[in-house]
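Comments concern the structure below.
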Amino acid sequence: MESAVTVTNLSYSYDSKRALDNLSFTVMQGSYIAVVGSNGSGKSTLCRLICGLIEKQLGSISIAPGLRVGLVFQSPKDQIVSGKVFRDTAFGPQNLRLTPGEVEMRTIECLSVTELLDKAESPSNSLSLGQTQKLAIAGMLAVVPDILVLDEAVAMLDYESRQGVFELLQNLNESGKTIIHITHDIEAVSKAQSVIGLDHGKLFYEGSTATFLQSKVFVQQVTGEPLAKAVRKTGGTDFADKEVGFSFKDVCFAYEDGKLAARSEEVGDFIKNVSFDLYKGTLTALTGPSGAGKSTLLELGSGLLAPDSGCVYCSEHPALAQQNCSAALFEAFAVDDVAFGPKNNGVSGKELVQTVVNAMNRAGLAYNEYGERNSSALSGGEQKRLAVAGILAMNRDVVFFDEPTAGLDGHSRILVMNMMRSLAEEGKTVLFTTHHQDEADFADREIKILEGKVTGDSLGAAQAASSLPALRVYEAAGMLTGLKNALQSMSGSGWKTKCVLEKLPAGLRMLLFLVLFILSLVFRSFVPCCIMLAASIVYCLLAKFRLGRMIKTGLKILPFLCFFAVFQIMFRPALEGEVCWTTWKFFTVTPSKLWFCLNSILRTYAALFCVSAFFVSTPEYDLIDGLKKIIPSRNLILILEVIFRFIPLLVEESAVIIKTQIIRGGLGKAKGRLARIRAFVPLIVPLIIRTVKRSEILADAIIMRCYNEK
């Protein structure tokens, strides 16, 4: 066998921190290796060096001549370039200057291999998490890489999705592909032929998988100590002396316009008649496949969402640690970020310092070592623990954790699990979601959920009558509904069936919009303005933009239009010889001024309804198709496509930031205009940071899809 990748005396440092230290090894062509190590051991740095995304500093990396390297990221959404499945997979082959027929054949082949061919015409964000990961793999396979590198590509997936990815990787390896899988998952390690182990940038193991798995020391270097299985008594008698700390009662929920024909069934945007109690001093695991409704349940339970029916009972808002840890970090330094929540709740002075110290130490980030570290410079696992520390500092009696161990190495995972156990032993009510059965077995109780319904409960006890008060929804939570609806509108997946406009060819749809929009702005007299407003309303109805929403939107902006109309009346000159109805200093009211203001309002409404209907009925991939008919430049089209792809990502980021802000007391309490402005300032910094980060990741994704080769 010939070598595919040869690493010789490789070292790499970030500022003064050494990520890789004199590393040497060889990966043979056609092999399947797993690269393991704790968070911060240098795995991702090695991955980026092999893929050529960062320049080496010391030593060398040699890729065998003629071999192409492909990379699949941990978060599959970061790698999706286009808003439609088929278009995303075709992006790479198009960059390789293949003919349209060759592009189509290769795209069909890659979607078939990843079992996504039946989703070819679906919006990219309508896929489940497991399907999205397969789409990311399909996009990389389409450029025919000889070496496929996966950076924690199964860390966020449920059991069934992981098995699907493992089977796919096995088939690819058998077809001759070289697989390099960077992972914390011991099951992923078992699928490989050999293992490379890193510890603080140095090699601690290089050899066969069988030998690695036979060593308890090596295995525990990846998994940590095994979790103890909780002893559960039958009939829930071990909970008999426990007091109810939280309760769901017949809770139902569906996102507005989110009863998505594909999405609601596949990714769980629904909750159906969920009822259960959580008890003080207990640790409960909520399990189920991706999209079963686990995260939605936690948001309902924490007051971020309002049930459509039923009720949530709790004496205070539970603290929720979200799955997306990076967006939960608001301050430049770790210590300030952990202090963010307690400060909003009025904690100060020595009490605040002690609260921060305790929370950081408890989350496994020693205050003395990490307190002054830059939040954005921490590794993914360290950021996860910092986000957990921020929630612990809130000191709530009810605490929810959404996938708290996802992406963590074995030792950090055990630390987080034991931390949740200690919270329960202190009398707190603790609920967490997980895809790992050993974590569910560690809990005092397991509740299973599937398609928004509870399908199993290890407690097996009937729900008691709740004496807890009904939980009120956060006042600022309405912002999230607006973002969710905007995201669905942008995706073009918000309707059960296609509207009339969606059935038109993209170019014709673009032309129709431009004609209506331009005409709505051109006419100045009353009758044509009324005709264009009527045409825009019909256009909205054809786009399934509901009449009730149009009226509601129109009423919301009417005060602003009237405000600007006053300025128009003030500064627009009257016609010569015109009757003046009212005069006050330089302010005069005449018939021509009023007609001008009325026509301006009609034009504004017509244009607004046109734009709204167009974006509701036109997903970004259709918009791009329409623009291709007008703009011949591929570079410009790519820029526009990336922009349209980027907007929904930033909307998602904004939603996560706002959720964390609400949970940690950053929004909703401010009174007065200046206080409200000050309350929104912490949203800006993390959004800018995430925008830059997302831009870098998307740029890497485009590079790995061979755009620079065109």
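Just so you know, our numbering puts 875 at position 23 of the sequence shown, and the rest follows in order with no gaps. Positions of the beta carbon are idealized from the N, C-alpha and C atoms, including for glycine.
So the candidates are the options; which of them puts its Cα closest to the Cα of residue i?
| i | options | result |
| --- | --- | --- |
| LYS1132 | GLU854, LEU1410, GLU1095 | GLU1095 |
| THR1540 | ALA1551, SER1469, ILE1554, LEU1502 | The sequence shown places Ile at residue 1540, not Thr. The candidate whose alpha carbon is nearest that of ILE1540 is LEU1502. |
| GLY1455 | LEU1393, LYS1408, PHE1192, PHE1375 | Residue identity check: residue 1455 is Arg in the sequence provided, not Gly. Nearest option by C-alpha distance: PHE1375. |
| LEU1138 | SER1161, GLY1304, SER1274, VAL1164 | GLY1304 |
| VAL1190 | CYS1392, ARG1214, ASN1176 | ARG1214 |
| LYS1428 | SER1444, LEU1356, GLN1420 | First, the residue type needs correcting, since residue 1428 is Glu and not Lys in the sequence shown. Of SER1444, LEU1356, GLN1420, the residue nearest in Cα terms is SER1444. |
| LEU872 | LYS1195, LYS895, MET1271 | LYS895 |
| THR1512 | ALA1040, LEU968, LEU1366, VAL1240 | VAL1240 |
| HIS1046 | ASP1290, ALA1553, TYR884 | It is worth fixing the name first, because residue 1046 is Ser in this sequence and not His. Here the closest residue by C-alpha is TYR884. |
| PHE1253 | LYS1202, LEU1172, SER1154 | LEU1172 |
| GLY1563 | HIS1169, ILE1123, SER1147 | This structure leaves residue 1563 out entirely; the chain is present only between 853 and 1562. |
| GLU1505 | GLY1518, ILE1514, ARG1542 | ARG1542 |
| ASP1643 | SER978, ASN1125, ARG1084 | Residue numbering for the chain in the displayed model covers 853 to 1562; residue 1643 lies beyond these limits and cannot be assessed. |
| SER1415 | LEU910, ALA1295, LEU1450 | Reading off the sequence, residue 1415 comes out as Phe, not Ser. Comparing Cα positions, the closest option is LEU1450. |
| ILE1031 | CYS899, LEU1156, ALA1211 | CYS899 |
| ILE932 | PRO952, ASN977, LEU901, GLU907 | ASN977 |
| GLY875 | GLY911, PRO945, ASN891, ILE902 | Checking the sequence, you will find Leu at residue 875 rather than Gly. Nearest of GLY911, PRO945, ASN891, ILE902 to LEU875, Cα basis: GLY911. |
| ALA1295 | ALA1082, VAL1268, SER1469 | ALA1082 |
| SER1027 | ILE1048, GLY882, LEU1055, LYS1545 | GLY882 |
| GLY889 | LEU1366, GLN1206, VAL1306, ILE1038 | ILE1038 |
| LEU1238 | SER1264, ALA1044, ALA1387 | SER1264 |
| GLY1330 | VAL1251, VAL1205, LEU1156, LEU1360 | LEU1156 |
| SER1372 | VAL1463, SER1310, ALA1328, THR1286 | VAL1463 |
| PHE1378 | LEU901, LEU1446, LEU1407, PHE1397 | LEU1446 |
| PHE1182 | VAL1164, GLN1235, VAL937, LYS1202 | GLN1235 |
| GLN1175 | ASN1023, THR1285, LEU1204 | THR1285 |
| SER855 | SER914, GLY1233, LEU862, GLU1278 | SER914 |
| ALA1551 | ASP930, SER863, MET853 | ASP930 |
Assuming residue i contacts residue j under a Cβ cut-off of 8 Å, what Cβ separation, rounded to an integer in Å, is found between them?
| i | j | result |
| --- | --- | --- |
| VAL995 | ARG920 | 7 Å |
| PHE1448 | ILE1389 | PHE1448 to ILE1389, Cβ: 22 Å. No contact. |
| PHE1100 | PHE1128 | 6 Å |
| ALA1458 | LEU1399 | Actually they do not touch by this definition, with Cβ atoms about 15 Å apart. |
| THR951 | LEU1020 | 27 Å between Cβ atoms; not a contact. |
| ALA1144 | LEU1302 | 5 Å |
| ALA1186 | ALA1211 | The pair is not a contact, with the Cβ atoms about 11 Å apart (cut-off 8 Å). |
| GLY1076 | GLY1259 | Incorrect: roughly 14 Å between the Cβ atoms, too far for contact. |
Output the distance between the C-alpha atoms of residue i and residue j, rounded to the nearest integer angstrom.
| i | j | result |
| --- | --- | --- |
| SER1167 | PRO1321 | 6 Å |
| LEU1091 | SER1319 | The sequence shown places Phe at residue 1091, rather than the Leu named in the question. Distance between the alpha carbons of PHE1091 and SER1319: 17 Å. |
| ALA1062 | SER1042 | 8 Å |
| LYS1348 | ILE960 | Bear in mind that the predicted position of LYS1348 carries a pLDDT of just 42, short of 50, making it unreliable; the figure below should be weighed with that in mind. Cα-Cα distance, rounded: 26 Å. |
| GLN926 | GLY982 | 12 Å |
| THR858 | ASP1003 | 19 Å |
| LEU1356 | PHE1467 | 14 Å |
| LEU1393 | PHE1369 | 16 Å |
| LEU1112 | ALA1395 | At LEU1112, the pLDDT of 35 sits below 50, so the modelled position is not reliable; the number obtained from the coordinates is stated separately. Distance between the alpha carbons of LEU1112 and ALA1395: 16 Å. |
| LEU1283 | LEU1149 | 11 Å |
| THR1257 | HIS1052 | 21 Å |
| ASP867 | ARG1557 | 30 Å |
| ARG1115 | LYS869 | With a pLDDT of 34 at ARG1115, under the threshold of 50, the modelled position of this residue cannot be trusted, and the question is left open. |
| GLY991 | GLY1517 | 41 Å |
| SER1227 | ASN891 | 15 Å |
| GLU973 | LEU1363 | 23 Å |
| ASN1247 | ASP940 | 44 Å |
| GLY1308 | ARG1014 | 22 Å |
| THR1440 | TRP1433 | 7 Å |
| LYS1545 | MET880 | 33 Å |
| GLU1548 | GLU907 | 15 Å |
| SER1147 | CYS962 | 31 Å |
| LEU1353 | VAL1367 | 14 Å |
| LEU1055 | PHE1018 | 25 Å |
| ALA1292 | LYS1300 | 10 Å |
| ALA1158 | GLN909 | 53 Å |
| GLN946 | VAL955 | 6 Å |
| GLY1049 | TYR1057 | 5 Å |
At 3 residues or longer, what runs of the beta strand (DSSP E) sit wholly inside the segment 1027 to 1102?
Listed in chain order, they are 1030 to 1034, 1046 to 1051, 1054 to 1060.
Is the number of C-beta pairs between the segment 909 to 929 and the segment 998 to 1005 that are closer than 8 Å three or more?
Cβ pair count under 8 Å is three or more, so yes.
Contact between the segment 1206 to 1221 and the segment 1140 to 1149 (3+ Cβ pairs under 8 Å)
Contact between the segment 1206 to 1221 and the segment 1140 to 1149 is absent, because fewer than three Cβ pairs lie under 8 Å.
Does the segment 1192 to 1199 come within contact of the segment 1262 to 1280, defined as at least 3 CB pairs closer than 8 Å?
Judged by pairs of C-beta atoms under 8 Å, the segment 1192 to 1199 does not touch the segment 1262 to 1280, as fewer than three such pairs exist.
Just list the alpha helix (DSSP H) runs in the segment 1186 to 1261, keeping only unbroken ones of 4 residues or longer that don't cross its boundaries, in chain order.
Taking only runs of at least 4 residues, the alpha helix (DSSP H) segments lying wholly in the segment 1186 to 1261 are 1186 to 1196, 1201 to 1214, 1219 to 1222, 1232 to 1244.
Whole runs of the beta strand (DSSP E) within the segment 1125 to 1159, excluding any shorter than 3 residues:
Counting whole runs of 3 or more residues, the segment 1125 to 1159 contains the beta strand (DSSP E) stretches 1135 to 1139.
Entirely within the segment 863 to 919 and at least 4 residues each: give me those alpha helix (DSSP H) ranges in chain order.
Within the segment 863 to 919, the complete alpha helix (DSSP H) runs of at least 4 residues are 895 to 902.
Along the chain, which unbroken stretches of the beta strand (DSSP E) at least 3 residues long are found entirely within the segment 954 to 1010?
The qualifying runs are 999 to 1003.
Run through the segment 1394 to 1459 for me and flag every whole alpha helix (DSSP H) of 4 or more residues, listed as ranges in chain order.
Runs found: 1399 to 1423.
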